[in-house]
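Each remark here refers to the structure printed beneath this line.
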Amino acid sequence: MTAPNSSTAPVDPTTTDAWSALEAHHLEQSTSLREWFAADPQRAERFSHRAADLHVDLSKNLVTAETMELLQQLAREVGVLERRDAMLAGAHINTTEDRAVLHTALRRPAGASPALEVDGQQIDADVQETLRRVYAFADQVRSGQWTGMTGRRIETVVNIGIGGSDLGPVMVYEALKPWAQDGLSARFVSNIDPTDAYESTKDLDPETTLVIVASKTFTTLETLTNARLVREWLLQGLRENAALTPEQEKEAIAKHFVAVSTALDKVADFGIDPDNAFGFWDWVGGRYSVDSAIGTVLATVLGPDAFEELLAGFHGMDEHFATAPAEQNVPLLMGLLNVWNVNFLEAETHAVLPYSQYLHRFPAYLQQLTMESNGKSVRWDGTLATTETGEVFWGEPGTNGQHAFYQLIHQGTRIIPADFIAFATPNHALADGEQDVHELFLANFFAQTKALAFGKTAEEVRAEGTEGALVAAREFSGDRPTTSIMAPKLTPSVLGQLIALYEHITFVQGVVWGINSFDQWGVELGKQLAKDLAGAVAGDESAIAGEDASTAALIRYYRENRKR
Ligand code: F6P
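If you're matching positions, the sequence shown starts at 1 in the UniProt record's numbering and goes up one per residue.
Printed below as a string of structure tokens:
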């Protein structure tokens, strides 16, 4: 199959009939979740949907059936579903890099039919072959067949990567810790602050440590620097027991270092045996790569079965996105709701609040997914965006956030749409005496969205005995939009579904705004300047003098205060 052309100019959403109608609708509509729920006993049911195993309740958002119909019309007018189909078929919708966008192909089940061939590549066959190699490697480590240089079993896998080569793996590892094999754990080194490599390795035994250098490009300064630091730490540690000949050093690297990259030539240049390298392809964006060989650390520590289950979960959500009717298509609906919140209700941020301690890195993961994807002011044809784009995503697990920033969500002057995520069955059912603690936890989850939606009126505050100026302070306006996402239990499959859900939500928003969600040119300038500044930072006076006054003064401060 030849991939369809993707160069169609984006439709300016603000010129559509739906946009004008949404503007008018926004002005006319008087919002009251209290009234809407009272008037329509079916509202919760009407606005709740099933996507794979996820139950998604959109009813506490500031929308009516008419709002949703107009948003669907907007999606039709800008061609969201056509672009979805183009993406799934392998069109080069990453226009600035002239690449297909095929992360969904990473989780197609073995034997999926018809086979996907794009740009002359047999995609399914290549994906399955890489998975086979990753799983074979993982099995060797897990069974103890793969040992360190001194014959000892691997106990710790250190993943060195940054951005998409770190945030996905670390988030999934933290989320699925109960699946980790006994006696095997993972560490993650990402920051070029040498503290990260130091703290992550200081209590490890090099003899039982395996390092995965994960980098799509294998050019990333942080990752290559950390890889060299950890390589030196490892060799140093091994040398403490016995001097190593150059041949033995090579063997040590072969036994303790593997790599994941799309640039296998560069892996070899680094000194890692290409037999110990797992590849992926330029049609997988870094922030969409946790389900590629970038997940090798996960397949190793959590196991191939858990990784397969994770992929199946992703695929379940892909199928939903690809086939569910528009009015029940949850990623489409949630993406459109975000457009409503950003462009009509003027929300600038979006909170994601998982009621699961295991998901404590999920908001950080979503920050790269959403903000590196949609933080753009230029559309895919090079013209300026015509609306606000990319909101700031942020969050923390509940209930911790309740005691920190929820005040602002409840009573601040800004509207902050929030997604609440919870699971019916806990991974650990603990009781405090008679009290099931998970129930206490979930009571908080239910209470927060209820309070945000319905608030507390001045009359209700007074009825509780409060008087005077305190009444206003204790009043809650309500009408603060939330989405509740529930699933039976946090499992690898459900986690895959959640990640894919947010991938597709991000895609939908990008299409409405007309932006290419799959490049990230905005990270380049800082990288370039950091390289250019190396001489000045090292003390080259003429280089310092050539800098702007602020940067020069900061570098001088550094040079005067650095103690060695
Ligand atoms: O600088 C941003 C970025 O390119 C991300 O998009 C990417 O996930 C990260 O750096 C790491 O890149 P790599 O996997 O090539 O080392």
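The beta-carbon is built from N, C-alpha and C at its ideal position, and this holds for glycine as well. Quick caveat: nothing in here was measured; it's all calculated off a predicted structure.
| Item | Value |
| --- | --- |
| Val56 Cβ short of 6 Å to the ligand F6P heavy atom set | no |
| Pair within 7 Å by beta-carbon distance, Val211 and Phe278 | no |
| Ordered list of beta strand (DSSP E) runs contained in the segment 137 to 167, each at least 3 residues | 156 to 160 |
| Pairwise C-alpha distance: His403 and Ala112 | 47 Å |
| Proximity winner among Lys255, Thr219, Glu247, relative to Gly234 (alpha-carbon distances) | One detail in the question is off: residue 234 reads as Leu in this sequence, not Gly. Comparing Cα-Cα distances from Leu234 to each of Lys255, Thr219, Glu247, the minimum goes to Lys255. |
| Asp166 versus Met149 - alpha carbon distance | 26 Å |
| Other residues of its chain near Asn561: CB distance less than 8 Å, five sequence neighbours each side excluded | none |
| Burial state of Asn5, where buried means 16 or more other Cβ atoms lie within 10 Å | In this prediction, Asn5 scores a pLDDT of 46, lower than 50, which makes its location untrustworthy; no coordinate-derived value is stated. |
| Contact with chain C by Leu204, beta-carbon distance below 7 Å | Absent from the structure is chain C; it holds one protein chain and no more. |
| Contact test: Ser215 Cβ vs the ligand F6P heavy atom, cutoff 6 Å | yes |
| Gln509 beta carbon near the ligand F6P (any heavy atom closer than 6 Å) | no |
| Delimiting residues of the beta strand (DSSP E) encompassing Asp57 | 54 to 57 |
| Environment of Gln122 [buried if 16+ CB atoms lie within 10 Å] | exposed |
| Of the residues Phe420, Leu337, Thr217, Thr220, the one placed nearest Gln509, counting alpha carbons only | Leu337 |
| Contact set for Leu298: own chain, Cβ-Cβ below 7 Å, skip 5 residues either direction | Pro169, Val172, Tyr173, Phe307 |
| heavy atom of the ligand F6P below 6 Å from Ile162 C-beta | yes |
| Cutoff 6 Å; reference Thr95; Cβ partners in own chain excluding five residues on either side | Trp380, Asn516 |
| Short Cβ contact (7 Å threshold) for Glu66 with Thr16 | no |
| Close-in-space but distant-in-sequence residues of the same chain around Ile505 (CB under 7 Å, 5 per side omitted) | Pro331, Met334, Gly335, Asn338 |
| Nearest-angstrom Cα separation, counted from Gln368 out to Met1 | Any reading at Met1 needs caution, since the residue's pLDDT is 38, under 50, leaving its predicted position unreliable; the model's value is listed next. Roughly 32 Å between the two C-alpha positions. |
| Sub-7 Å separation of Phe218 and Ser190 beta-carbons | no |
| Distance, Leu554 Cα to Gly539 Cα | 12 Å |
| Cβ pair count under 8 Å reaching 3, the segment 279 to 288 against the segment 140 to 149 | no |
| Endpoints, the alpha helix (DSSP H) within which Leu192 is located | Note that residue 192 is Ile in the sequence shown, not Leu. Note, Ile192: premise wrong, no alpha helix (DSSP H); not H, not E. |
| Contact between the segment 51 to 69 and the segment 470 to 484 (3+ Cβ pairs under 8 Å) | yes |
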